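Numbering (this note's numbering), first residue to last: 2 to 236. Even for Gly, the Cβ is constructed at its ideal location relative to N, Cα and C. Nothing here was measured: the structure is a model prediction, and the numbers come from that model.
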């Protein structure tokens, strides 16, 4: 039996290179899943609140952040379809360790924590899926660390844009830019002025067009080349 709301609550594990790519592999937590929708700006869960659910995105983008004791927001990542199960880090915690806010309108599968934990304890197939989800999340974290490790601002920004747009959507031309220049600066450890300057350079080079709130990639090949070149001289 498959989930009636989407291909699977763990649909991001169904890619062709996944050990769970076989569509006949059943959704083992169907009774714990329901489809939910959030508008841009809605909070899926907040840092410090009771950890009761996980979310698997099928559409949209979510900002992941935490707050310092002084109240300053620190953006620590983002989630888009095919990336990770939101809330997975707090699966064994009583309270959420970070906040998740919809940057765009989103559709997701909401997975209740307690039934999932019961399934993990009693069904090896579910445990294997959660292990695979953890591996996917670690991979996403490594990608983000790689972005932050770039020495040059141009590479950081290009890498973030590449990460933000799912490969499955790259046949399209224009996307909603989910983060403001200031939020991109916060995530990348740059000044907002630097982000604006580098975005303007990418525009002048004919690589992208970014009217307010939107982004259009004009040359994917050049953008990905810049994303991989950490030695490019920063402005």
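Where do the ends of the alpha helix (DSSP H) carrying residue 195 lie?
Where residue 195 is concerned, the enclosing alpha helix (DSSP H) stretches over 193–205.
If you draw a straight line from the alpha carbon of residue 20 to that of residue 194, how long is it in whole angstroms?
Caution applies to residue 20, whose pLDDT of 43 falls short of 50 and renders its modelled position unreliable; the value that the coordinates give is listed next. Taking the straight line from one Cα to the other gives about 44 angstroms.
Residue 183, DSSP secondary structure in three states
Residue state, collapsed to three classes: helix.
Top-ranked residue by Cα proximity to residue 118, from 230, 221 and 52
Of the candidates 230, 221 and 52, the one whose C-alpha sits nearest the C-alpha of residue 118 is 52.
What residues in its chain sit with their C-beta under 6 angstroms from that of residue 44, if we drop five residues either side in the sequence?
So the list reads 102, once near-sequence residues are dropped.
Since residue 38 sits in a beta bridge, which residues does DSSP pair it with?
Per DSSP, 108.
Could you name the residues of the same chain whose beta carbon sits closer than 7 angstroms to that of residue 239, not counting the 5 residues immediately before and after it, in chain order?
The requested residue 239 does not occur in the structure, where the chain is confined to residues 2 to 236.
Among the residues of its own chain, which have a CB less than 7 angstroms from the CB of residue 40, if the five just before and after it don't count?
Taken in chain order, the residues that qualify are 103 and 106.
Assuming residue 191 and residue 157 are in contact, meaning their beta carbons sit under 8 angstroms apart, how far apart are those beta carbons, in whole angstroms?
About 7 angstroms; that satisfies the 8 angstroms criterion.
On the three-state DSSP scale, how would you describe residue 88?
Here residue 88 sits in coil by DSSP.
Collapsed DSSP secondary structure at residue 140 in the structure displayed
DSSP, read as helix, strand or coil, puts residue 140 in helix.
For residue 156, which of helix, strand or coil comes out of DSSP?
Residue state, collapsed to three classes: helix.
For residue 211, which three-state DSSP category applies?
DSSP places residue 211 outside both helix and strand once states are collapsed to three, so it counts as coil.
Are there 16 or more other CB atoms within 10 angstroms of the CB of residue 149, so buried, or fewer, so exposed?
With fewer than 16 Cβ atoms within 10 Å of its Cβ, residue 149 is classed as exposed.
Residue 97 and residue 35: beta carbons closer than 9 angstroms?
No. Outside cutoff.
With residue 177 as the anchor, note down where its beta strand (DSSP E) starts and where it stops.
DSSP places residue 177 in the uninterrupted beta strand (DSSP E) bounded by 175–177.
What would DSSP say about residue 228, mapped onto helix, strand or coil?
In the displayed model, residue 228 falls within a helix according to three-state DSSP.
Inter-residue Cα distance where the pair is residue 228 and residue 163:
If you take the alpha carbons of residue 228 and residue 163, they lie about 8 angstroms apart.
Look up residue 119 in the DSSP assignment and give the residues it is bridged to.
Its beta-bridge partners do not exist; DSSP assigns none.
Residue 101 - containing beta strand (DSSP E), residue span
100–103 is the extent of the beta strand (DSSP E) around residue 101.
Go through the segment 52–77 residue by residue and report every complete run of the alpha helix (DSSP H) that reaches 4 residues or more, in order.
Here no run is fully enclosed.
Anyone know if the C-beta pair for residue 62 and residue 81 falls short of 9 angstroms?
In contact: residue 62 and residue 81 (Cβ atoms closer than 9 angstroms).
By DSSP, does residue 166 sit in helix, in strand, or in coil?
Correct three-state label for residue 166: coil.
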